[in-house]
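Novice:
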Ligand code: RRO
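Residue numbers (our numbering): 4 to 345.
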């Protein structure tokens, strides 16, 4: 099925500017399609008091304005992360702002947080046909913006992801700084309903690792439920208008695994982890789950491999469960650390 997608739809879309293809999909995405991919109970995932039907999520960024929920929720995902949404409307960075590295199944984006703003986002959301769980990713330039949006979105869904790590705006990583994060976590926790995740950058050096360890400690202190690791990796890229962007896809897979490993080590099993970054197949997903991720998120691989990727990953995980003697996914999550604690 992937090969058909690659030779037809992808071949056609890849002739356009990368954003043009996305715009075309958006036009057709207001309606659901029949779901062709069923879930089995072995793949259910517990997130505190909630249950996701399967662990394969769509990462933030694909549907920033909540315009494609109806179509996307028919594709078999266990959940969709919609957003990131800002309080006010924003145009983002000038184009061109996406470049594909086809041979490496990776890409760089510098969208710069374009958003229709929270009011239109909520309207789009409420107009959607929703057939799977929805996480909403929120971003803010100030503490007040984060808090104001949080108060609105927590009424829509129990699952909120705070984006601390946009590589493409001046303030995109402000709240990843441990002192700023402490203020954000403390304030959000006072208003908390449901589940809160924070999304962090990949760890590439010791300084990043130290900062992330502090974030992990603060999450535990302020009752933040989990971490999505990782956002795109900041890189320079001349063919993008602003000269820099965030690298995603296969090239960041190992950074993702290392970051998940680090968080797991310091979380004392108190945080729920979502693995995001370069997951293209069930083997990739299984590696992240065994390390301790409860779910996996895809985005770049959806573009390279097409909408069948969700079913392929789910089917592949089911095969890997049986092959490795696990009864269900819950037994797999964090299996590696359970082994080393024996
Ligand atoms: O909009 C973006 O440029 C963007 C965001 Br908010 C993000 O979190 N990650 C990314 O790669 N791009």
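Note that beta-carbon positions come from the ideal geometry of N, C-alpha and C, so glycine has one too.
What ranges does the alpha helix (DSSP H) occupy inside the segment 135–198, keeping only unbroken runs of at least 4 residues that lie completely in it?
Specialist: Here the runs fully enclosed are 146–156, 181–194.
Novice: Whose CA, out of 316, 187, 161, 113, lies closest to the CA of residue 52?
Specialist: Checked all of 316, 187, 161, 113; the closest Cα to residue 52 is 161.
Novice: So, helix, strand or coil for residue 21, using DSSP?
Specialist: Three-state result, residue 21: helix.
Novice: Could you tell me which residues DSSP puts in a beta bridge with residue 279?
Specialist: In DSSP, residue 279 forms a bridge with 300.
Novice: Compute the Euclidean distance between the alpha carbons of residue 93 and residue 327, then round it to the nearest angstrom.
Specialist: Rounded to the nearest angstrom, the two C-alpha atoms are 48 Å apart.
Novice: Please report the distance separating the alpha-carbon of residue 24 from that of residue 168.
Specialist: The alpha-carbon atoms of residue 24 and residue 168 are separated by roughly 25 Å.
Novice: Within the chosen definition, does the segment 40–48 reach the segment 310–328 through at least 3 CB pairs nearer than 8 Å?
Specialist: They touch, by the three-pair rule.
Novice: For residue 164, which of 249, 148, 143, 139 has the nearest alpha-carbon?
Specialist: Comparing Cα-Cα distances from residue 164 to each of 249, 148, 143, 139, the minimum goes to 139.
Novice: Are the segment 251–267 and the segment 201–219 touching by the rule of at least three beta carbon pairs closer than 8 Å?
Specialist: Judged by Cβ distances under 8 Å, the segment 251–267 makes contact with the segment 201–219, as three or more pairs qualify.
Novice: Provide the residue(s) that pair with residue 118 in DSSP beta bridges, ordered along the chain.
Specialist: Answer is 93.
Novice: Secondary structure at residue 77, three-state DSSP: helix, strand or coil?
Specialist: If DSSP states are grouped into helix, strand and coil, residue 77 belongs with coil.
Novice: Count the other CB atoms within 10 Å of the CB of residue 246; is the residue buried (16 or more) or exposed (fewer)?
Specialist: Result: exposed.
Novice: Residue 35: beta carbon under 7 Å from a heavy atom of ligand 1?
Specialist: No.
Novice: Which whole-angstrom value is the C-beta distance of residue 99 and residue 243, which I expect to be below 8 Å?
Specialist: Going by Cβ atoms, the distance from residue 99 to residue 243 rounds to 6 Å, so yes, they are a contact pair.
Novice: Below 8 Å, can you find three or more Cβ-Cβ pairs linking the segment 72–84 to the segment 121–141?
Specialist: Yes: at least three Cβ pairs fall under 8 Å.
Novice: Could you spell out the range, first to last residue, of the alpha helix (DSSP H) harbouring residue 264?
Specialist: That run of the alpha helix (DSSP H) goes 256–270.
Novice: Measure the Cβ-Cβ separation of residue 204 and residue 176 and say whether it is below 8 Å.
Specialist: Taking 8 Å as the Cβ cut-off, residue 204 and residue 176 qualify as a contacting pair.
Novice: Do residue 118 and residue 89 have their C-beta atoms closer together than 8 Å?
Specialist: Closer than 8 Å, so yes.
Novice: Which residue or residues does DSSP assign as beta-bridge partners of residue 104?
Specialist: Answer is 109, bridged to residue 104.
Novice: Looking at residue 301: is its Cβ nearer than 8 Å to the Cβ of residue 282?
Specialist: Yes, the pair counts as a contact, with Cβ atoms nearer than the cut-off.
Novice: Out of 306, 226, 221, 171, state which residue places its alpha-carbon closest to the alpha-carbon of residue 196.
Specialist: Among 306, 226, 221, 171, the Cα nearest to that of residue 196 is on 226.
Novice: Does DSSP put residue 200 in a helix, a strand or coil?
Specialist: The answer is strand: DSSP assigns residue 200 an E or B state.
Novice: So does residue 170 have its beta carbon nearer than 7 Å to some heavy atom of ligand 1?
Specialist: Checking every heavy atom of ligand 1 against the Cβ of residue 170, one is found closer than 7 Å.
Novice: Can you tell me the Cα-Cα spacing of residue 65 and residue 103, whole angstroms?
Specialist: Roughly 15 Å between the two C-alpha positions.
Novice: Inspect the beta-carbon positions of residue 38 and residue 116 and report whether they are closer than 8 Å.
Specialist: For residue 38 and residue 116, no; Cβs fall outside 8 Å.
Novice: Go to residue 44, then tell me how far its alpha helix (DSSP H) extends in each direction, as first and last residue.
Specialist: Premise fails: residue 44 is in no alpha helix (DSSP H) and is neither H nor E.
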